[in-house]
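**Q** The working numbering applies: residue -9 is where the sequence shown begins, and numbers increase by one. To start, I am sharing the structure in question, which I have written as structure tokens.
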Amino acid sequence: MTNQIVNQGQWGICGFVAVLNALHQTGTIKEFGKGLTLEDINKRLGAELVTFLKIIKEENPDIGTEIVKFTQSFGSPYNSYKSIDQLVEKIKQDLINSSILTETIINTPGFGIAMTADAVKLYLEKFANLSIEAKKQLDIGKLSQYKNCVIGLGNDNKLKHWVYIDKEGYLYNWGNKQKDLTELKNYNFIDSVFEIKGVKV
């Protein structure tokens, strides 16, 4: 069932979108960026990605390097991006060269920004201004027990994907909100779990 949540289309930006969906559930997405609503975020996702990457480059270059290397690890075509600047230019050119909304652009595959656990943690705390708790005991067999959490999943001890599970146990994944977690069964490893404790005062 498709629901009105932040949607990544076919772009590989799951870490970024998982945090935005967590932010939406706290009721503070209207304060993200320039007071954008959920509808605005879906329409202007590309512009928000550019803002995030530019700030990372200037204020947290080590995390920027992590993001580039992790993105390259997913192979072609992602290994063609050699710097944060190239990722930014790719998004900007897609926006400049198109007269359509970002929500349509992201349904063109072939672009991704792979977020490491450190990058997601930074985004949660610094950009989303959320208080979090990093869970220490991680068990893929108890995935349904993690509530109001941004979760990094993978296979064979390698991080592959980020999702958000809300307070009621609903999964936010690839533009859908659903109670059934069956579509995550192909993952056999949890890399990270960040529980949302609230908005920083």
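Using N, Cα and C, we set each Cβ at its ideal position, and we do this for glycine too.
Hey, would you say Lys47 sits closer than 9 Å to Val78, going by beta carbons?
**A** Position 57 of the sequence shown holds residue 47. Position 88 of the sequence shown holds residue 78. Yes, the pair counts as a contact, with Cβ atoms nearer than the cut-off.
**Q** Exposed or buried, Gly65, counting other C-beta atoms within 10 Å across all chains shown (16 or more means buried)?
**A** To locate residue 65, count along the sequence shown from 1; it is residue 75. Exposed, by the Cβ-count rule.
**Q** If I measure Cβ to Cβ from Tyr113 and keep anything under 6 Å in the same chain, skipping five residues before and after, which residues do I get?
**A** Within the sequence shown, the letter at position 123 stands for residue 113. Answer for Tyr113: Val9, listed in chain order.
**Q** On a CA-only basis, which of Gln62, Leu171, Val140 is nearest Asp181? Give me that one, please.
**A** Position 191 of the sequence shown, counting from 1, holds the residue named residue 181. Out of Gln62, Leu171, Val140, Val140 has the C-alpha closest to the C-alpha of Asp181.
**Q** In three-state DSSP terms, what is Tyr71?
**A** Mapped onto the sequence shown, residue 71 falls at position 81. The answer is coil: DSSP assigns Tyr71 none of H, G, I, E or B.
**Q** Grouping DSSP H, G and I as helix and E and B as strand, with all else coil, what is Ala104?
**A** Against the sequence shown, residue 104 aligns to sequence position 114. Three-state result, Ala104: coil.
**Q** Beta-carbon within less than 6 Å of Tyr154's beta-carbon, same chain only, minus the 5 sequence neighbours each way: which residues are those?
**A** Taking the first residue of the sequence shown as 1, we reach residue 154 at position 164. Ala8, Asn11, Ala12, Val140, Tyr162, listed in sequence order.
**Q** Pick helix, strand or coil for Asn178, following the three-state DSSP scheme.
**A** Your numbering for residue 178 matches position 188 in the sequence shown. Reduced to three states, the DSSP call for Asn178 is coil.
**Q** Just the C-alpha distance for Ile121 and Glu185, rounded to the nearest angstrom, thanks.
**A** Numbered from 1 along the sequence shown, position 131 holds the residue referred to as residue 121. Numbered from 1 along the sequence shown, position 195 holds the residue referred to as residue 185. According to the sequence displayed, residue 121 carries Ser and not Ile. Their Cα atoms are separated by approximately 8 Å.
**Q** Apart from the five residues just before and just after Ile271, which ones in its own chain have a Cβ nearer than 7 Å to its Cβ?
**A** Residue 271 lies beyond the residue range present for the chain, which begins at -9 and ends at 191; the question has no answer from this structure.
**Q** When the Cα of Tyr68 is compared with those of Gly36, Lys187, Gly102, which residue comes out closest?
**A** Looking up residue 68 in the sequence shown gives position 78. Taking only the C-alpha atoms, the option nearest Tyr68 is Gly102.
**Q** Comparing the C-beta of Leu143 with each C-beta of chain B, is any distance below 9 Å?
**A** In the displayed structure, chain B is absent; only one protein chain is listed.
**Q** Under DSSP, the alpha helix (DSSP H) around Ala8 begins and ends at which residues?
**A** Translated into the one-based positions of the sequence shown, residue 8 becomes position 18. Where Ala8 is concerned, the enclosing alpha helix (DSSP H) stretches over 4 to 15.
**Q** Quick one: give me the first and last residue of the alpha helix (DSSP H) that Gln62 is part of.
**A** Counting from 1 along the sequence shown, the entry for residue 62 is found at position 72. Counting along the chain, the alpha helix (DSSP H) containing Gln62 begins and ends at 51 to 62.
**Q** To the nearest angstrom, how far is the alpha carbon of Val58 from that of Gln76?
**A** Counted from its first residue, the sequence shown places residue 58 at position 68. Counted from its first residue, the sequence shown places residue 76 at position 86. Approximately 10 Å, taken between the alpha carbons.
**Q** Which of helix, strand or coil does DSSP assign to Gly131?
**A** Reading the sequence shown from its first residue, position 141 is the one you call residue 131. Reduced to three states, the DSSP call for Gly131 is helix.
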